[in-house]
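Encoded as structure tokens, the structure appears first; notes follow it.
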Amino acid sequence: MTATATPIPAQLPAEWRDFFALTKPRVMTLVVFTGLCGLLAAPGAIHPVLGFTAILCIALGAGGAAALNQWWEADIDAKMKRTAARPLPAGRLRRQDARDFGLLLSGVSVGVMGLAIHWLAAIVLALSIIYYAVIYTIWLKPRTPQNIVIGGGAGAFPPLIGWIAVTGEITLMPVLLFAIIFMWTPPHFWALALFVKTDYAKAGIPMMPVVAGERSTRRQILAYAALLLPLAASPWFVGGTGAIYGVAALVLSAVFLALSIQVGLRQTRPDDTMRPEKRLFAFSILYLFALFAALVVDRMVLA
């Protein structure tokens with residue numbers, strides 16, 4: 001579905017809450033947290049004001065990309081129970097206002113990051129916005145069941161940007177942090193897709209459970225979870241962290257894998273409540289918070 005489709009009529013005036021909802025605040029919480037952890041775990045130091053500015057820019061960039069995502073997918077969101085209450089499909093905002101809001105946040109975030117921090121961080125931030133708003137939303141999502149696999153990079157940028165804000169360079173450690181989120185994204189999102197696949201099918205989105213079926217999706221969840229375990233521990237293996245992070249990564253990833261095994265090997269019935277899938281999805285969010293929190297604690301102990 002494209003942004004040129006018939007606009008959804010708006011019931012104006014919109015409230016500030018509607019604009020705030022365009023930024024996907026729940027998703028932004030994870031974005032800001034991983035970006036902050038990347039900044040705090042990086043070697044060196046940054047002035048607190050500049051550090052706050054860098055994280056604010058990451059948040060604004062993520063919010064801008066989310067607003068552009070909802071601008072483009074307003075008609076799709078209207079067909080899905082999970083997203084029908086968002087401001088655009090519910091008619092509380094005009095479509096062009098969402099577009100302009102997203103472009104404003106995106107432009108301000110990149111400009112301020114470049115002027116206040118440095119331009120390498122700003123360039124990577126701009127790439128993350130383009131990756132989510134264009135590569136994932138416009139190109140990948142409506143065309144391929146691999147949309148989440150390739151598009152996983154969109155949510156993997158924040159710790160990389162936070163790290164660059166402090167060090168001014170891209171090294172192995174922030175690349176590994178990027179790779180961890182990249183590998184985490186498919187099992188995280190496919191667990192959700194398994195119990196809302198009817199929504200995706202109705203909207204015509206080729207998510208893996210819709211196109212390849214549940215059995216294939218479950219096997220792939222298990223495969224990615226198995227690969228995530230050594231990857232999550234790799235910062236410890238290469239000497240970039242201490243044992244606090246390493247042990248936490250192994251334990252958390254083992255639990256993630258165990259939950260993925262339950263999902264990967266089971267067969268569902270028509271009346272299934274999908275409890276294992278919902279449990280895996282919920283834990284996957286906790287997993288990322290706990291993993292990056294361990295990274296910061298490890299850094300503070302070693303400092």
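Numbering-wise, the sequence shown is residues 1 to 303 according to full-length UniProt numbering.
We put the CB at the ideal spot given by N, CA and C, even for glycine.
Grab the span of the alpha helix (DSSP H) containing residue i for me, first residue to last.
i: GLY264; result: 243-265
i: PRO159; result: 157-167
i: VAL238; result: Element bounds for VAL238: n/a, residue is neither H nor E.
i: TRP119; result: 119-130
i: ASP272; result: From DSSP, ASP272 is part of no alpha helix (DSSP H); its letter is neither H nor E.
i: residue 310; result: The displayed coordinates of the chain run from 1 to 303. Any statement about residue 310 would go beyond what the structure contains.
i: GLN70; result: 48-72
i: GLY213; result: Note, GLY213: premise wrong, no alpha helix (DSSP H); not H, not E.
i: ARG99; result: 95-116
i: LEU140; result: Unbroken run through LEU140: none, as it is neither H nor E.
i: LYS24; result: Run containing LYS24: none; DSSP gives neither H nor E here.
i: ALA201; result: 197-203
What distance in whole Å lies between the Cβ atoms of residue j and residue i, which are believed to be in contact at a cut-off of 8 Å?
i: LEU177; j: GLY38; result: 6 Å
i: VAL32; j: GLY155; result: That belief does not hold up - the Cβ atoms of VAL32 and GLY155 are roughly 12 Å apart, past 8 Å.
i: PRO145; j: ALA212; result: 6 Å
i: VAL263; j: ARG82; result: Not really, about 19 Å apart at Cβ, beyond 8 Å.
Between residue i and the rest of its own chain, which residues show a CB-CB distance below 8 Å, the 5 nearest in sequence each way excluded?
i: LEU228; result: ILE180, MET183, TRP184, PRO187, SER253, PHE256, LEU257
i: THR217; result: TRP190, ALA193, LEU194, MET208, PRO209
i: LEU265; result: ARG218, LEU222
Apart from the five residues just before and just after residue i, which ones in its own chain have a Cβ nearer than 6 Å to its Cβ?
i: PRO7; result: For PRO7, the predicted model reports a pLDDT of 47, less than 50, meaning its position is unreliable; a value from the coordinates is still stated below. For PRO7, where only same-chain residues beyond five positions count, the Cβ hits under 6 Å are ARG95.
i: ILE150; result: LEU140
i: ALA201; result: VAL210
i: GLY152; result: PHE182, THR185
i: TRP163; result: GLY38, ALA42, PRO174
Checking 8 Å against the spacing of the C-beta atoms, do residue i and residue j come in under that value?
i: GLU214; j: LEU194; result: yes
i: PHE157; j: VAL124; result: yes
i: GLY64; j: LEU105; result: yes
i: VAL166; j: GLY240; result: no
i: LEU56; j: GLY102; result: no
i: ALA84; j: ALA90; result: yes
i: ALA248; j: ALA290; result: yes
i: ASP77; j: LEU93; result: no
i: LEU250; j: PHE283; result: no
i: ALA293; j: ILE244; result: no
i: ALA54; j: THR23; result: no
i: ILE205; j: PRO142; result: yes
Identify, in the order they occur along the chain, each residue of the same chain with its Cβ nearer than 7 Å to the Cβ of residue i, setting aside the five sequence neighbours on each side.
i: VAL296; result: CYS37, LEU40, ALA41
i: LEU50; result: ALA116, ILE117
i: GLY114; result: ALA122
i: MET300; result: none
i: VAL27; result: ALA66
i: PHE19; result: PHE101
Query raised in the report: Does the segment 263-277 come close enough to the segment 232-249 that 3 or more CB-CB pairs lie under 8 Å?
Result: No, they do not touch.
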